[in-house]
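Colleague:
Protein chains: 2
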Amino acid sequence: MPRKYVENPNACTIVHAMNIIGNKWKPIIIYLLSGGPLRFGKILVLLPTISKKVLTQQLKELDNDQLIIRKSYNEIPPRVEYELSEKGLTLLPILRELSLWTADTFPEIEFEKCRIE
Amino acid sequence: MPRKYVENPNACTIVHAMNIIGNKWKPIIIYLLSGGPLRFGKILVLLPTISKKVLTQQLKELDNDQLIIRKSYNEIPPRVEYELSEKGLTLLPILRELSLWTADTFPEIEFEKCRIE
DNA sequence: AAAAGTGGTAACCCAAAAGTAACTTATGCC
DNA sequence: GGCATAAGTTACTTTTGGGTTACCACTTTT
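The listed protein sequences derive, respectively, from chains A and B.
If you read the first sequence in my numbering, its first letter stands for residue 845, the second for the next number, and so on.
If you read the second sequence in my numbering, its first letter stands for residue 845, the second for the next number, and so on.
(1) Tell me whether residue 902 of chain A is buried or exposed, calling it buried when 16 or more other Cβ atoms sit within 10 Å of its Cβ.
(2) Need the endpoints of the alpha helix (DSSP H) that residue 915 of chain B sits in, please.
(3) Have a look at A:888, A:864, A:855 and A:923 and flag the residue whose alpha-carbon is nearest the alpha-carbon of residue 911 of chain A.
(4) Between the segment 894 to 925 of chain B and chain A, which residues of the former have a C-beta closer than 7 angstroms to a C-beta of the latter?
(5) Distance cutoff 8 angstroms, beta carbons only. Does residue 846 of chain A sit that close to anything in chain B?
(6) Quick check on the DSSP output: the beta strand (DSSP E) that includes residue 927 of chain A runs from which residue to which?
(7) List in chain order: all unbroken alpha helix (DSSP H) runs of 4+ residues lying wholly within the segment 857 to 882 of chain B.
(8) With 8 angstroms as the threshold, decide whether the Cβ of residue 885 of chain B is near any Cβ in chain A.
(9) Compute the Euclidean distance between the alpha carbons of residue 893 of chain A and residue 887 of chain A, then round it to the nearest angstrom.
(10) Hey, residue 874 of chain B and residue 928 of chain B are a contact pair by Cβ (cut 8 angstroms); roughly how many whole angstroms apart?
(11) Can you list the residues of chain A that residue 935 of chain B reaches, using a CB-CB cut of under 7 angstroms?
(12) Mapping the DSSP letters down to three states, classify residue 888 of chain B as helix, strand or coil.
(13) For residue 882 of chain B, which of B:859, B:860 and B:924 has the nearest alpha-carbon?
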């Protein structure tokens, strides 16, 4: 069964973008890291409803896609910091615009709607 | 069990944005519609691997979120056209930037990677 | 009378994503 | 010796998203 492709060539890049950041947690994580490096445990606290397992997973994928950098200090107990890479930084303005767009376009949304459960 | 919220207030809008367009098909559909209104059947042809059910679903959600407009002509056989709304149009430049970002940041990706299966 | 054309819906299925809870590792501290 | 600590991992369950197939409604065409 031959595989098929989307016709619009630009769609390709959009698909890829969504593969990279189009899920429940990644854009938020990137947003959080825009304030500077954060330790694993700190992110866990800032995102009170994410599970350890999923956070690990998301960070690993972001690291693989080179949007963030994982810095592991060789200490006991462990200390690991995550920060945005160059690639990650260049994504920030776009996320910011998206954020503004949402605020402008859906002024009625409230905190209520942004439950992360 | 009390629900909790993300701390960063900006995250709220990002979460909402991702709820609206952060899935497999919606950004592509929006992209397709940037060329002008399209009939249901035409979209099905342009996205050879989407199923009728899912397309219906996605279009309904995009319509509910007022990113697109559904125009149903009272004819037999039915004719329904979908086109971008004002809100949808204002999203386009951002999608375009995201598209450029991906192309710049991951120059190595090829069509190969954009299989939609 | 039967088939074709169009935009659906309903019932069912599967794989992937996300969530939960317990366990691990290596050290310093009491 | 026993506990705390941080950043995980493992095994398991639940939820969700997307997919398949069949069917419908109404008219025109054959």
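Backbone N, C-alpha and C define an ideal beta-carbon position, used for all residues, glycine too.
Modeller: Reading from the atomic positions:
(1) Classification for residue 902 of chain A: buried.
(2) From DSSP, residue 915 of chain B is part of no alpha helix (DSSP H) but of the beta strand (DSSP E) over 912 to 917.
(3) Taking the Cα of residue 911 of chain A as reference, the smallest distance to any Cα among A:888, A:864, A:855 and A:923 is reached at A:864.
(4) The segment 894 to 925 of chain B vs chain A, Cβ under 7 angstroms: nothing.
(5) Here residue 846 of chain A scores only 35 on pLDDT, less than 50, and its place in the model is too uncertain to base an answer on.
(6) Where residue 927 of chain A is concerned, the enclosing beta strand (DSSP E) stretches over 923 to 928.
(7) Runs of the alpha helix (DSSP H) inside the segment 857 to 882 of chain B: 870 to 877.
(8) Not a single C-beta of chain A is nearer than 8 angstroms to the C-beta of residue 885 of chain B.
(9) Between the alpha carbons of residue 893 of chain A and residue 887 of chain A lies a distance of about 11 angstroms.
(10) That pair is a contact at about 7 angstroms.
(11) Listed along chain A are 945, each with a C-beta nearer than 7 angstroms to that of residue 935 of chain B.
(12) Three-state result, residue 888 of chain B: helix.
(13) Residue 882 of chain B has its Cα closest to that of B:924, out of B:859, B:860 and B:924.
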